[in-house]
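What follows is a short report on a single structure.
Number of protein chains: 2
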Amino acid sequence: MTAATRRLPMIEVLRGVLGDAGVIFDGASMARYLTDWSGDHKGRALAILRPASTAEVRDAVKICGQSGLTIVPQGGNTGLVAASMSTDADHTAVISLERMNRIRQLDAENFTIRVDAGCTLQQVKDACEVADLLFPLALGAQGSCQIGGNVATNAGGVNVLCYGMMRDIILGLEVVMPDGELWNGFSGLRKDNRGYDLKQLFIGSEGTLGIITGVELKLFPKPSKVETVYVGVASFEDAMRLFRDTRRACSDLLTAFEVIGEECVSLARLVHPELAVPIAAPVHVLMEASCSGAIDLRRLLENVLAEAMEDGLVTGAFLAESVAQARCFWAIREGLVEGQARRGYHVRTDLSVPLSGVPALIERARGIVASKYPGWTSIAYGHAGDGNVHFNVLPPQDMGEPAARAIGVSIETDLYGLVTTAGGSISAEHGIGRSRKDVFWSLLPPIHKRMLKAVKSAFDPDGLMNPGCLFPEEKELA
Amino acid sequence: MTAATRRLPMIEVLRGVLGDAGVIFDGASMARYLTDWSGDHKGRALAILRPASTAEVRDAVKICGQSGLTIVPQGGNTGLVAASMSTDADHTAVISLERMNRIRQLDAENFTIRVDAGCTLQQVKDACEVADLLFPLALGAQGSCQIGGNVATNAGGVNVLCYGMMRDIILGLEVVMPDGELWNGFSGLRKDNRGYDLKQLFIGSEGTLGIITGVELKLFPKPSKVETVYVGVASFEDAMRLFRDTRRACSDLLTAFEVIGEECVSLARLVHPELAVPIAAPVHVLMEASCSGAIDLRRLLENVLAEAMEDGLVTGAFLAESVAQARCFWAIREGLVEGQARRGYHVRTDLSVPLSGVPALIERARGIVASKYPGWTSIAYGHAGDGNVHFNVLPPQDMGEPAARAIGVSIETDLYGLVTTAGGSISAEHGIGRSRKDVFWSLLPPIHKRMLKAVKSAFDPDGLMNPGCLFPEEKELA
């Protein structure tokens, strides 16, 4: 009996519970769930399950458990570390949350919203906007990433500066545990000190502890004014000084502070050839400030910029005169990401260090690339106000992909070594997933390894949830 | 051989490691560590250990483990639920962090500070202020509570509205685990997605998973302007409407929004007989807004108040003209707490509900007291902007304490039942400790109990840390 024949009865059981639309097991239809955004990974699975309700998720998990199947939970499949990439065609089912996409309840008085985990981030943001409220998480992938995946990866993005990571804007979760039991961690409460805050464990757990089926989020008054500024500075040191001064002068109304090395501009031009880049300077800074009341935000920023010019900190500054101009400024930041994707394979990192360490990190990383990897191009940009730098490295244009990938591994190792020495993180926002688990575990002290394993064993003792993600496979576990 | 004789050799071992100042075991000197702030509890312990460094904490924990002693970690002993109250004179040592009170490192560029867990909250706040920075946690007990205890209890206070609970302003922890191993969870990073965020487990763990020895905190620019407003409104409904409108109009620069039922004013007068209370209204609201830049905060608030007066939402409003007047406004809020303590034993709660549920909670709680407990006085005040109400009940002045305590238990049960029905929490900030563990466990669904126990077992499999706190004693565990 082949694996394909063996699995047929199980598929029938799953179909009986989830309906025809709830079970996909032919190769062509499964492909979409087994190819990741970057194209770097191709996965395998026995079937894709698409439950339409929390009850169906519970049923699916129980059936998988009874059938000896492990489970890979999947949101919008936009992650960058292959955390939702199933690799086993015989014993693993992907559970996609995409059919669970209801806004359950928006409570404008409580500044909260409760949604299905399969809602896209954009859908949640839109629902809030209608009620004159803001859900602040903002990511490039927001049209397709799902809110449950944002929780499971503790998503970041451009507005962390003011509103925090996903962890900071979650009030409650609903989770189906590996045994199919439902944990209801909803409360709508801003303050609740009843014992361990269990929801924290699922935030950033990358599907290794349970399946998030519902999410309750903190909302904010929708800003009535947004001001966007594009400035040039002489160095990353000056960018960080500007951040410190501006943060204070704007009373934490700063919602974004992005740095862009000037080398990134040509990447943005790959996407928008006509792009008007208002300044020429070694480092560009894109700032955004927002408020919801009668604050004269524009004058506040004019003063900040005037002072920074006077101090010689800023070499050129443009305060957007219109929404259209603000969009042009953001097109530079967004375009460079797309432009770099067009260049094909490249080394992609999301390093973080203490704020004071940002300039040295970039300088040293550039030095390593320049001296050890001739022909490769360093690209530095990111959420400098959070100490988070995307330091990426593009291969020479004439290098074939296999050769580039081989060298890329070595570059990555050098960059991870550098950030670790600087007391920083190899993963500020993208996570560990499958791509980074080896380097992650190789850098951990023994007690931290024991603690991670203790948590995993406490919630998923049989290792049913997302095997191979975040943790080494059992046979690899020391 | 008596217990006292049996324990002598162990005391000598501990003295050898911690020095004479590090071990207290005579009854008179131990009393201070075994009496809680409220005077409600008297504890017992074999000894009080006072390690002066993280290394000494590790040694003490290891010796306790080898000697079969359990451990109660203790900070400033200002908690309200007996979480640091040892109750066993034969097998338990209290480990006080009071000698570990160094500011380790303030990094103004990174907006962070790293401190010993035994620093008082005030000491940390003062160290930040010198550097023109703010550590925002603000509690009545800040002169004596310790920062490690603030972490272990996830402390709240009056500034949660703007800055969050303790959980939200912690960047890293250093913890001695029950086996004496050291977990270094410091990083100084604002963004770090390397696997489970283990520090979250220790925040609010009430000493049941390990001993917090070091804390790394997020800092903020010190506000350069603070405006304080005292207003009268007709009802708690109107207070909550005012909150919604003001939050938006002030662009989340609101740092406090406290409600005070008019019945509380006479309690404040017990402490400050000369107190000038600027308004007469069923509900008083004390608001504070802060900013660090050139925002015209005063005009912002004047506009907010003018609009609220026009709408008939506010019946009287005073914007403090001076720091002295602002202090007078706060003296009402702080005095009522002290005044109520002077009345001796009373039912003390810290309930939370969704913001929209605050008025109904107070109205129903008052109804229960009025109808079932004649002669008792309801007191309602609290952090309404967080949905957190201190609904306390004072016994009739002529009732003896034993009788009052007996009835108090029944009132507490009624209030806990009420808040649970409303989907709220029996403990918004004070925690569970020993005082509330029975009611806490009686209200938990089975899966939540299993998850809490799984976490406890994962980190403290032998139950060495703070037995009797948060969890039922082993014999009671179902």
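Protein sequence lines correspond, in order, to chains U and H. If you count by our numbering, then the first sequence holds residues 1 to 478, one letter each, in order. If you count by our numbering, then the second sequence holds residues 479 to 956, one letter each, in order. Glycine included, C-beta positions come from ideal geometry on N, C-alpha and C. Fair warning: this is a prediction, and the values are worked out from it, not measured in the lab.
Residue i versus residue j - alpha carbon distance
i, j, result
"residue 190 (chain U)", "residue 898 (chain H)", "15 Å"
"residue 583 (chain H)", "residue 606 (chain H)", "11 Å"
"residue 828 (chain H)", "residue 840 (chain H)", "12 Å"
"residue 725 (chain H)", "residue 397 (chain U)", "53 Å"
"residue 99 (chain U)", "residue 708 (chain H)", "50 Å"
"residue 567 (chain H)", "residue 611 (chain H)", "44 Å"
"residue 477 (chain U)", "residue 900 (chain H)", "Confidence in residue 477 (chain U) is poor, its pLDDT being 43 and thus under 50, which makes the residue's placement unreliable; the coordinate value appears in the next sentence. Spanning the two alpha carbons is a distance of roughly 46 Å."
"residue 883 (chain H)", "residue 60 (chain U)", "51 Å"
"residue 794 (chain H)", "residue 55 (chain U)", "52 Å"
"residue 753 (chain H)", "residue 914 (chain H)", "35 Å"
"residue 453 (chain H)", "residue 711 (chain H)", "Here chain H has residues from 479 to 956 only, and residue 453 (chain H) is not among them."
"residue 47 (chain U)", "residue 674 (chain H)", "28 Å"
"residue 40 (chain U)", "residue 924 (chain H)", "43 Å"
"residue 522 (chain H)", "residue 879 (chain H)", "23 Å"
"residue 224 (chain U)", "residue 292 (chain U)", "5 Å"
"residue 17 (chain U)", "residue 554 (chain H)", "56 Å"
Collapsed DSSP secondary structure at residue i in the structure displayed
i, result
"residue 956 (chain H)", "Caution is warranted here: a pLDDT of 39 is assigned to residue 956 (chain H), below 50, making its placement in the model unreliable, and no coordinate value can be reported."
"residue 859 (chain H)", "strand"
"residue 231 (chain U)", "strand"
"residue 216 (chain U)", "strand"
"residue 62 (chain U)", "helix"
"residue 837 (chain H)", "helix"
"residue 579 (chain H)", "coil"
"residue 202 (chain U)", "helix"
"residue 448 (chain U)", "helix"
"residue 420 (chain U)", "helix"
"residue 82 (chain U)", "coil"
"residue 376 (chain U)", "coil"
"residue 506 (chain H)", "helix"
"residue 335 (chain U)", "helix"
"residue 320 (chain U)", "coil"
Residue i versus the options, residue with shortest Cα-Cα distance
i, options, result
"residue 451 (chain U)", "H:633, H:653 and H:643", "H:653"
"residue 594 (chain H)", "H:931, H:935, H:523 and H:689", "H:689"
"residue 135 (chain U)", "U:153, U:144, U:118 and U:164", "U:164"
"residue 778 (chain H)", "H:601, H:730 and H:821", "H:730"
"residue 547 (chain H)", "H:941, H:948 and H:496", "H:941"
"residue 790 (chain H)", "H:752, H:774 and H:713", "H:713"
"residue 71 (chain U)", "U:131, U:169, U:187 and U:97", "U:97"
"residue 739 (chain H)", "H:803, H:686, H:869 and H:889", "H:869"
"residue 646 (chain H)", "H:619, H:696, H:686 and H:662", "H:696"
"residue 706 (chain H)", "H:675, H:734 and H:679", "H:734"
Where residue i falls, given that 16 or more other Cβ within 10 Å makes a residue buried
i, result
"residue 375 (chain U)", "exposed"
"residue 306 (chain U)", "exposed"
"residue 8 (chain U)", "exposed"
"residue 460 (chain U)", "buried"
"residue 768 (chain H)", "buried"
"residue 413 (chain U)", "exposed"
"residue 418 (chain U)", "buried"
"residue 906 (chain H)", "buried"
"residue 123 (chain U)", "buried"
Neighbouring residues, chain B, relative to residue i (Cβ below 7 Å)
i, result
"residue 196 (chain U)", "The question asks about chain B, but that chain is absent: this structure's protein chains are U and H."
Taking any Cβ of chain U, which residues in the segment 766–779 of chain H have a Cβ under 7 Å from it, in chain order?
For the segment 766–779 of chain H, the residues whose beta carbon sits under 7 Å from a beta carbon of chain U are, in order, 769, 770, 771, 772, 773 and 778.
Interfacial residues, the segment 825–844 of chain H to chain U, with Cβ spacing under 9 Å
828, 830, 831, 832, 833, 834 and 835
Pull out every residue of the segment 643–669 of chain H whose Cβ sits closer than 8 Å to any Cβ of chain U, in chain order.
643, 645, 646, 655, 659, 660, 661, 662, 665, 666, 667, 668 and 669
Got a sec: which bits of the segment 225–256 of chain U sit with their beta carbon under 8 Å from any beta carbon on chain H, in order along the chain?
Per Cβ criterion, the list reads 240, 244, 247, 248, 249, 250, 251, 252 and 253.
Which of the residues in the segment 372–387 of chain U, read from start to end, lie with their CB under 8 Å from any CB of chain H?
383, 386 and 387
What residues from the segment 935–952 of chain H come within 8 Å of chain U, judged by C-beta to C-beta, listed N to C?
935, 936, 937 and 948
Using a beta-carbon distance cut-off of less than 9 Å, what residues from the segment 503–527 of chain H approach chain U?
none
Select from the segment 153–165 of chain U all residues with a C-beta closer than 8 Å to any C-beta belonging to chain H, and list them in chain order.
Taking 8 Å as the Cβ-Cβ cut-off against chain H, the residues of the segment 153–165 of chain U that qualify are 153, 154, 156, 160, 164 and 165.
Just by C-beta distance, which residues in the segment 95–127 of chain U are closer than 8 Å to chain H?
107, 109, 110, 111 and 112
Note down, in chain order, all residues in the segment 434–455 of chain U with a beta-carbon under 8 Å from any beta-carbon belonging to chain H.
440, 445, 447, 448, 451, 452, 454 and 455
Listed from N- to C-terminal order along the chain, which residues in the segment 137–148 of chain U have their beta-carbon within a distance smaller than 7 Å of any beta-carbon of chain H?
none
Could you name the residues of the segment 410–437 of chain U whose beta carbon sits closer than 8 Å to any beta carbon of chain H, in the order they occur along the chain?
423, 424, 425, 426, 427, 428, 429, 430, 431 and 432
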